[in-house]
Amino acid sequence: MIFEIEVQGYGWWDFREFDELFSQLSQGIDTVYITDCNDNLSLNLQGEVTIDYLKELASDISYIEEDYEDEFYALLEYFNDYEEAYDCFTSSNYTYFPDVFDEYQLGEHLVEAGYFGDVEEGLKDFIDYNKLGVATVQSNNCMFTEFGYIEIY
Numbered sequence: 065m066i067f068e069i070e071v072q073g074y075g076w077w078d079f080r081e082f083d084e085l086f087s088q089l090s091q092g093i094d095t096v097y098i099t100d101c102n103d104n105l106s107l108n109l110q111g112e113v114t115i116d117y118l119k120e121l122a123s124d125i126s127y128i129e130e131d132y133e134d135e136f137y138a139l140l141e142y143f144n145d146y147e148e149a150y151d152c153f154t155s156s157n158y159t160y161f162p163d164v165f166d167e168y169q170l171g172e173h174l175v176e177a178g179y180f181g182d183v184e185e186g187l188k189d190f191i192d193y194n195k196l197g198v199a200t201v202q203s204n205n206c207m208f209t210e211f212g213y214i215e216i217y
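According to our numbering, the sequence shown is numbered sequentially starting from 65.
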């Protein structure tokens with residue numbers, strides 16, 4: 065994930081280096097002035113930002129980056145807003161299928177995962193996976209993203 069900020073008087077900092085930035089700030093400073101932000105998280109950080117917010121943001125991004133990066137990017141593509149995507153991520157009010165990119169794959173995944181009970185192998189040749197996927201998409205808050213299928217509850 066890309067998340068870098070330019071802090072007035074201190075230059076550019078990557079979120080992994082924020083602790084170093086904080087150690088350079090004078091004691092008692094609780095806000096910094098951000099003059100530019102380079103990120104792929106749909107953040108709009110400009111002006112005064114609290115140190116506590118930056119610490120929280122860096123911690124959240126580190127956690128996501130460890131095991132959930134593609135999943136989070138799918139949520140971010142759905143919401144196009146970091147805060148909304150993160151709220152949904154932490155509430156777990158979604159389903160994510162990383163290897164599903166169209167209606168046919170969705171229908172096939174749902175059958176294979178047992179969403180319609182056990183289907184005998186001999187009957188699977190007669191299932192119209194595309195129609196099943198289309199019907200699912202039409203009845204849910206969902207989206208095929210660059211990172212897979214995401215469905216929001």
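Glycine included, C-beta positions come from ideal geometry on N, C-alpha and C.
**Request:** Quick one: grab the DSSP three-state call for V175.
**Result:** helix
**Prompt:** Taking L109 as the reference, which of I115, D100 and E133 has the closest Cα?
**Reply:** D100
**Request:** Quick one: residues in its chain with C-beta nearer than 8 Å to the C-beta of E141, no 5 flanking neighbours on either side, listed in chain order?
**Result:** M207, T209, E210, F211 and I214
**Request:** Would you mind sorting W77 into buried or exposed? The rule is 16 or more other CB atoms within 10 Å of its CB.
**Result:** buried
**Request:** Would you kindly work out how many angstroms separate the C-alpha atoms of C152 and Y137, rounded to a whole number?
**Result:** 12 Å
**Request:** Pick helix, strand or coil for D70, following the three-state DSSP scheme.
**Result:** The residue asked about is misnamed: residue 70 is Glu in this sequence, not Asp. Reduced to three states, the DSSP call for E70 is strand.
**Distance, I98 Cα to E70 Cα** = 6 Å
**Prompt:** Tell me the DSSP bridge mates of F226?
**Reply:** Residue 226 lies beyond the stretch modelled for the chain, which goes from 65 to 217, so this question has no answer here.
**Asked** For the beta strand (DSSP E) that Y150 lies in, which residues bound it at each end?
**Response** Note, Y150: premise wrong, no beta strand (DSSP E); alpha helix (DSSP H) at Y146 to S155.
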